[in-house]
């Protein structure tokens, strides 16, 4: 079963998410061949739909975590600067790309 799709999955930003929610429409002609799908094709369709739904859930969870984590990231950075000062290193605020793993970050303390 071959299908042609006019839609391509692309990463969505905040503006396009609202537009996608409004404009997604499926006509009977779009799913015409599904009734003739054999078992393997039906399984592939089910997997594709499940993957799409899972991706939407992951994206929503990531967006929620990012919104909550912005303040936490700043606190983590300042706490790390305090730990550096406590061991006699300069207490400049480390860059935002500082490793989150404490052991890795500690081994790079001389670079901050």
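Residue numbers (our numbering): 1 to 112.
Idealized CB from N, CA, C, for every residue including glycine.
Under the rule that 16 or more other beta-carbon atoms within 10 Å means buried, what is residue i, buried or exposed?
| i | result |
| --- | --- |
| residue 66 | exposed |
| residue 114 | Here the chain has residues from 1 to 112 only, and residue 114 is not among them. |
| residue 53 | exposed |
Assuming residue i contacts residue j (C-beta within less than 8 Å), just tell me the rounded distance between them.
| i | j | result |
| --- | --- | --- |
| residue 45 | residue 37 | 7 Å |
| residue 98 | residue 80 | 7 Å |
On the DSSP letters alone, give me the boundaries of the alpha helix (DSSP H) that residue i sits inside.
| i | result |
| --- | --- |
| residue 33 | Element bounds for residue 33: n/a, residue is neither H nor E. |
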